[in-house]
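K.L.:
Counting from 1, position 16 in the sequence shown corresponds to residue 17 in our numbering; the numbering is continuous, with no gaps.
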Amino acid sequence: QLAHEATQSMGLWQDHDCKAEKRFLIKLDPDNDGRVPLDIMYNQPETTDSHGEQIFRFSESQDYLRGTGGLDESDPSRPKVIISNYVLGPANCYESVTFHTF
Numbered sequence: 002q003l004a005h006e007a008t009q010s011m012g013l014w015q016d017h018d019c020k021a022e023k024r025f026l027i028k029l030d031p032d033n034d035g036r037v038p039l040d041i042m043y044n045q046p047e048t049t050d051s052h053g054e055q056i057f058r059f060s061e062s063q064d065y066l067r068g069t070g071g072l073d074e075s076d077p078s079r080p081k082v083i084i085s086n087y088v089l090g091p092a093n094c095y096e097s098v099t100f101h102t103f
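1. Assuming Val82 contacts Cys19 (C-beta within less than 8 Å), just tell me the rounded distance between them.
2. Quick check on DSSP: helix, strand or coil for Asp16?
3. Report the rounded CA-to-CA distance for Asp32 versus His52, giving the unit in angstroms.
4. What separation, rounded to the nearest whole angstrom, lies between the Cα atoms of Leu39 and Phe25?
5. Whose C-beta lies closer than 7 Å to the C-beta of Gly71 among residues of the same chain, with five residues either side of it excluded?
6. One question on the structure: do Pro80 and Gln63 come within less than 8 Å of each other, judged by their Cβ atoms?
7. Would DSSP call Arg79 helix, strand or coil?
8. For Thr69, tell me which candidate among Ile27, Cys94, Tyr43, Thr49 has the shortest Cα-Cα distance.
9. For the candidate residues Arg67, Tyr43, Val37, whose alpha-carbon lies nearest to that of Arg58?
10. Return the CA-CA distance between Ile41 and Leu29, expressed in angstroms with no decimal places.
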């Protein structure tokens with residue numbers, strides 16, 4: 002019972018963070034095409050919450066982003082992060098398992 006309740010609470014917390022991250026990235030999208038230029042994403046200042054905890058840290062390498070389908074290189078001189086693929090990537094909001102061990 003305790004594990005089930007903890008999992009449910011974790012899911013609600015993670016959902017809130019995922020939505021906040023998505024909203025943050027959408028605000029960085031200059032062309033409203035679901036993509037953020039990589040240089041803009043990397044140049045974001047550290048953002049903290051009311052408790053001083055870091056909220057988002059965008060530091061994934063281009064190789065990592067490419068490997069997870071999060072990088073649009075259709076214009077090689079201006080790579081962009083694909084918001085939906087980034088947010089749902091393994092390091093962010095992707096739920097890789099349906100159970101947890103405690």
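Even for Gly, the Cβ is constructed at its ideal location relative to N, Cα and C.
P.N.:
Judging by the given coordinates:
1. With a Cβ gap of about 15 Å, Val82 and Cys19 do not count as contacting.
2. It is helical.
3. 33 Å
4. 14 Å
5. By the criterion of a C-beta distance shorter than 7 Å, Gly71 is surrounded in its chain by Val82, Ile83, Asn86, Tyr87, Gly90, once the five residues flanking it on both sides are discounted.
6. Against a cut-off of 8 Å, the Cβ pair of Gln63 and Pro80 comes out as a contact.
7. coil
8. Cys94
9. Tyr43
10. The straight-line gap from Cα to Cα measures roughly 7 Å.
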